[in-house]
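**Q** This is the structure I have questions about; it appears just below.
2 protein chains.
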Amino acid sequence: MSQTLTNKEITPRSKDYSQWYNDIVLKAGLADYSAVRGCMIIKPYGYTIWEKMQQTLDKMFKDTGHVNAYFPLFIPKSFFSKEATHVEGFAKECAVVTHYRLKLDESKKEIVVDEEAKLEEELIVRPTSETIIWNTYRNWIQSYRDLPLLINQWANVVRWEMRTRLFLRTAEFLWQEGHTAHATAEEAIEEAERMLHVYADFAENTLAIPVIKGIKTANERFAGAVETYCIEALMQDGKALQAGTSHFLGQNFAKAFDVKFANKNGELEYVWATSWGVSTRLMGALVMSHSDDLGLVLPPKIAPLQVVIVPIYKGVEEMEEIKSQVLPIIQALKEKNVSVKFDDDDKQRPGWKFAQYEMQGVPVRIAVGKRDLQNKQIEIARRDTLSKELVPIENAVDYVVNLLNEIQKSLFEKAKKRLDENIYRVDTWEEFLDVIENKGGFVYAHWDGTSETELKIKEETKATIRCIPLGNPLEEGKCIYSGKPSKQRVLFARAY
Amino acid sequence: MSQTLTNKEITPRSKDYSQWYNDIVLKAGLADYSAVRGCMIIKPYGYTIWEKMQQTLDKMFKDTGHVNAYFPLFIPKSFFSKEATHVEGFAKECAVVTHYRLKLDESKKEIVVDEEAKLEEELIVRPTSETIIWNTYRNWIQSYRDLPLLINQWANVVRWEMRTRLFLRTAEFLWQEGHTAHATAEEAIEEAERMLHVYADFAENTLAIPVIKGIKTANERFAGAVETYCIEALMQDGKALQAGTSHFLGQNFAKAFDVKFANKNGELEYVWATSWGVSTRLMGALVMSHSDDLGLVLPPKIAPLQVVIVPIYKGVEEMEEIKSQVLPIIQALKEKNVSVKFDDDDKQRPGWKFAQYEMQGVPVRIAVGKRDLQNKQIEIARRDTLSKELVPIENAVDYVVNLLNEIQKSLFEKAKKRLDENIYRVDTWEEFLDVIENKGGFVYAHWDGTSETELKIKEETKATIRCIPLGNPLEEGKCIYSGKPSKQRVLFARAY
């Protein structure tokens, strides 16, 4: 069983899941801690994965009619306060700029903040950009002809979290935030749902992470939204992870920033809004969905390097022979848009290289030795199952191309099976507790629809309502906690 | 003459050059003012140009062995102070984060900074990232095997400028900053020079902006650098614009952050460094290099849209006929990677569209009417010269492809001619003043090599030494200002 293999640099999942996650993030070169509290450094290998996510999503956004723009990092405190729910949601985690100059304190011989350079109005480092963007849209939107406005921004944002974890929860993170403006509520809702489907498509077909699409309860809604749509994924430890959200904002921000348009009859109406975002948090979801005790496991579509070829040789002559045999394979793979590296570094032994590429989650590893060449075959290993096969050299290219597709598919199916098997339909509080405490996964149970009950369940079990699935059937029942009448089941879980 | 044509939304250059620039940036949809002092909004059309710059540069960086990563937005004040020259250079223009929470002031009923959430150590919003990056490199570099480290970052930075101008000088701007670490001074210098050449190549061959490569005097050097290399361009109003810089940092940051490596003999040495960057300032250079009184003029290689086709028609039938004729042309152009749009919007008249695309600098405009089709020809207009030609439909695709190349080349040559004609070799102070005050452009004159003289010239004329050109010949002479002996001429100009 693959699960029993270990790498001594990585704590096994069974021993300490949380440490396992940190070990992979650090040892595979995805991210590093920084000297700034709660801020991470995204290392080159991790950043390359993020770039691939960006490229794929960016194309999906553009294919659905969106354009990119860039808005200021800073938000005046007064803007921030204009939408009441919004400021309430974010006020407690804001980095605040109060001064714009340092100076040398001659007596202490140190650099200090220049108190004379105090800002008249404090600036908030954006935790999200609805306010600064809707303040701008007021100038950009006059008539129905200016709508819809379909804009996305790739940016860094800051939320001063008290407990941080690499990728999953950091004070500064990278994300994209779409902000669209529409003439009707229907059109805005359609947009919010469209982007939810784009996110689900990306998570499932690129990251191989199956998700449940749903809507949030009022408690879990984005601060300022009328409706929050989300995709929820399930990690290997049975905890849920919110992988993306899309909000129908109603006219809340249009009213707060007085953004009106003249409709076809010349009447002024407030504009309807959506916003939607995914972040570097997806990196955490990616790690926790597929990886094992040997390190990272990456779906081929998001892997910076899809295939590595490691020569097993003694001396220059054998190396040259191997090279001459594999170069045509490399060439042919590149022509099929497969990223491939021939690792001829002579400072490291093959065993060390194998462990390294396993750690980094390279989907396919090819080993080529002298004897293999004599038999006109090469050894092809897949990272996800750790199985190996001897393949005739002449079939190698097609074999690898098929294998990459197979790995992509197989990773999704494995994760989908885990998700499906870990949704528990329960009808008693005892069963609920048993799943939450002992099994992990989602609990699909009746809820009386009140925030009060939801909060009590959270207090007692740390489980929250992750979502009400889209297309959820109505069903009469009794609330799992209060016993009061319920109209539908919802999905509970402990979550990241 | 094209120069006499005007667009009533744009102030002519002859009337007010500075206003002309602002008009184009605003009216062509490149950027907008924001509610935050000194911060701009990059609008979708402007951002698309910036994305094209990023894509081209990013490929050039990767082709020269660099990888991307991401470091924190915030820098602890103490880090910032470690390199003495560096902090001196940036201390006066820093945005400082002092608190991490807001709260509701119950008595005033307003949101205020929570004084209980004061940071122990203030955080500086990065104006550049040498300090936070070199503090990280200490953990990443142990041995010569870890070198070179060739990392680039795409990021936003903040420098609290007092007088700001869209793209040219903004409090927040977007840029890339390369930060490399090397085992020897020679290798670091080679890297700094390599990246200077990459920048020059990009400016000239993609943006069609000719540049002079050179080194800065001590006065104009980056704060913390041993040597600053730069590319300098000349705008249409005769002012110079620094379009990119590359710094050899010596061991300054390695010493400040104690970054040492074991060399091949096992001895510890300080690491050698470079940093290099270009920013959204290039957008300003692009506008001012090529545009005219009708609006933006864009080199085809950086234009978001290269060709627009405008139908001149009456009624649905004519439109359908035109469409059937131009669709194969559009298809063929797309296959040749030409971006093309067929503007069949029936809410606007052709004349309005012509003016709009001229404003936005679309390099080639094709107009097709019923009579043209009868003659089996279409009208192709180029934005840069405003000339038009009737071209047989069957030749249209090849003609357009050649024309795009021709426009790219021609824009560069026109700008190159302007640059060459505006470098004045002068030997007297009177001539110097005449060029600076009346002609504009670069003055190539003797200088005694002292910062004192350089600063006096700046004080009296606002002209600074833009650079000492690479490969500048040594030549005995007398300083234009002090009359003292000089070993070489240098390039002076007023600059943005």
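So the sequence lines, in the order shown, correspond to chains A and B.
For the first sequence, the positions run 1 to 496 when this note's numbering is used.
For the second sequence, the positions run 497 to 992 when this note's numbering is used.
Even glycine gets a Cβ: it sits at the ideal position worked out from N, Cα and C.
Quick caveat: nothing in here was measured; it's all calculated off a predicted structure.
#1: Answer with buried or exposed for W848(B), where buried requires no fewer than 16 other C-beta atoms within 10 angstroms of its C-beta.
#2: DSSP on Q325(A), reduced to helix/strand/coil?
#3: Is there a C-beta anywhere in chain A that falls below 9 angstroms from the one on M855(B)?
#4: If the criterion is Cβ atoms closer than 9 angstroms, does the pair T957(B) and I932(B) meet it?
#5: List the residues of chain B whose Cβ lies closer than 8 angstroms to the Cβ of I151(A), in chain order.
#6: Need the endpoints of the beta strand (DSSP E) that L915(B) sits in, please.
#7: Taking DSSP as the reference, what is the three-state secondary structure of A303(A)?
#8: Are any of the Cβ atoms in chain C nearer than 9 angstroms to that of I302(A)?
#9: What are the start and end residues of each continuous alpha helix (DSSP H) run of 4 or more residues lying completely inside the region 620-696 of chain B, in chain order?
#10: What number of angstroms, rounded off, separates the C-alpha of A941(B) from the C-alpha of I976(B)?
#11: Tell me the rounded alpha-carbon separation between L670(B) and F173(A).
#12: If you compare alpha carbons, which of M53(A), Q374(A), A254(A), Q54(A) is closest to P392(A)?
#13: Exposed or buried, T428(A), counting other C-beta atoms within 10 Å across all chains shown (16 or more means buried)?
#14: Go through the region 693-779 of chain B residue by residue and report every complete run of the alpha helix (DSSP H) that reaches 4 residues or more, in order.
#15: Scan the region 72-84 of chain A for residues whose Cβ lies nearer than 9 angstroms to a Cβ of chain B and list them as they occur along the chain.
#16: Let me check understanding here. Comparing Cα to Cα, which of E723(B), K756(B), L970(B), D754(B) lies closest to F744(B)?
#17: Give the residues of chain A in contact with E618(B), contact being defined as C-beta atoms less than 7 angstroms apart.
#18: Taking only three categories from DSSP, how would you classify P44(A)?
#19: Please compile the residues from chain B whose C-beta is within a distance smaller than 7 angstroms of the C-beta of R349(A).
#20: Which class does T957(B) belong to by DSSP, given the choice of helix, strand or coil?
#21: What's the gap between the Cα of L703(B) and the Cα of A892(B)?
#22: Would you say L900(B) and M549(B) are within 9 angstroms of each other, going by their C-beta atoms?
#23: From the DSSP output, which residues share a beta bridge with F489(B)?
#24: Assuming contact is defined by CB atoms lying nearer than 9 angstroms, are Y992(B) and M658(B) in contact in what I supplied?
#25: For the pair the region 520-528 of chain B and the region 592-611 of chain B, tell me if three or more CB-CB distances fall below 8 angstroms.
#26: Does the region 560-579 of chain B come close enough to the region 801-819 of chain B to have 3 or more Cβ pairs within less than 8 angstroms?
#27: Given G65(A), which residues of its chain have a CB within under 7 angstroms of its CB, disregarding the five upstream and five downstream residues?
#28: With 16 as the cutoff for other CB atoms within 10 Å, does K213(A) come out buried or exposed?
#29: Out of curiosity, what's the CA-to-CA distance linking F586(B) and M855(B)?
#30: Quick one: residues in its chain with C-beta nearer than 8 angstroms to the C-beta of V338(A), no 5 flanking neighbours on either side, listed in chain order?
#31: Could you confirm whether any beta carbon from chain A is found closer than 9 angstroms to the beta carbon of R777(B)?
#32: What residues in its chain sit with their C-beta under 6 angstroms from that of H86(A), if we drop five residues either side in the sequence?
#33: Helix, strand or coil: which one does DSSP assign to M497(B)?
#34: For V812(B), count the other beta carbons within 10 Å of its own beta carbon; 16 or more makes it buried, fewer makes it exposed. Which is it?
#35: Does the beta-carbon of D789(B) have 16 or more other beta-carbons within 10 angstroms, so that it is buried, or is it exposed?
#36: In whole angstroms, give me the CA-to-CA distance for L643(B) and G178(A).
**A** Short version:
#1: By the neighbour-count criterion, in which 16 or more other beta carbons inside 10 Å mark a residue as buried, W848(B) falls on the exposed side.
#2: Collapsing the DSSP output to three states places Q325(A) in a helix.
#3: For M855(B), the closest Cβ of chain A is not nearer than 9 angstroms.
#4: Yes, Cβ-Cβ distance for T957(B) and I932(B) is below 9 angstroms.
#5: Per Cβ cutoff of 8 angstroms: P540.
#6: Premise fails: L915(B) lies in the alpha helix (DSSP H), 892-917, not in any beta strand (DSSP E).
#7: In the structure shown, A303(A) sits in coil (DSSP, three-state: anything other than H, G, I, E or B).
#8: Within the model displayed, chain C is absent; protein chains A and B are what it includes.
#9: Whole alpha helix (DSSP H) segments, 4+ residues: 626-636.
#10: Inter-residue distance for A941(B) and I976(B) is about 6 angstroms (C-alpha atoms, whole angstroms).
#11: Near 17 angstroms, if we compare the C-alpha coordinates of F173(A) and L670(B).
#12: For P392(A), the nearest C-alpha among the options comes from Q374(A).
#13: Under this definition T428(A) is an exposed residue.
#14: If only complete runs of 4 or more residues are kept, the region 693-779 of chain B shows the alpha helix (DSSP H) at 748-752, in order along the chain.
#15: Correct list: P72, L73, F74, I75, P76, K77, S78, F79, F80, S81.
#16: Distance check between F744(B) and each of E723(B), K756(B), L970(B), D754(B) places E723(B) closest, using alpha-carbon atoms only.
#17: Going along chain A in sequence order, the residues near E618(B) (Cβ under 7 angstroms) are V113.
#18: In the three-state reduction of the DSSP assignment, P44(A) falls in the helix class, which pools H, G and I.
#19: Those within 7 angstroms of R349(A) in chain B number zero; the least Cβ separation is about 15 angstroms.
#20: Helix at T957(B).
#21: C-alpha of L703(B) to C-alpha of A892(B): approximately 25 angstroms in a straight line.
#22: No; because the gap between Cβ atoms is not below 9 angstroms, this pair is not in contact.
#23: Absent from the structure is residue 489(B), since the part of chain B shown begins at 497 and ends at 992.
#24: Contact: no.
#25: The region 520-528 of chain B vs the region 592-611 of chain B: no contact.
#26: Contact fails: fewer than three Cβ-Cβ distances are below 8 angstroms.
#27: Sequence-distant Cβ neighbours of G65(A) in its own chain, meaning closer than 7 angstroms and more than five residues away, are L150.
#28: K213(A) comes out buried.
#29: Taken atom to atom, the span from the alpha-carbon of F586(B) to that of M855(B) is near 38 angstroms.
#30: Hits under 8 angstroms: Q306, V307, V400, V401, L404.
#31: Any Cβ of chain A closer than 9 angstroms to the Cβ of R777(B) would place that residue at the interface, and such an atom is absent.
#32: Around H86(A), the same chain offers A223, G224 as residues with beta carbons nearer than 6 angstroms, after the five sequence neighbours per side are excluded.
#33: With a pLDDT of only 38 at M497(B), under the threshold of 50, the placement of this residue in the model should not be trusted, and no figure is reported.
#34: Classified as exposed, V812(B) has fewer than 16 neighbouring CB atoms from the shown chains inside 10 Å of its CB.
#35: The C-beta of D789(B) has 16 or more other C-beta atoms within 10 Å across all chains shown, which makes the residue buried.
#36: Their Cα atoms are separated by approximately 40 angstroms.
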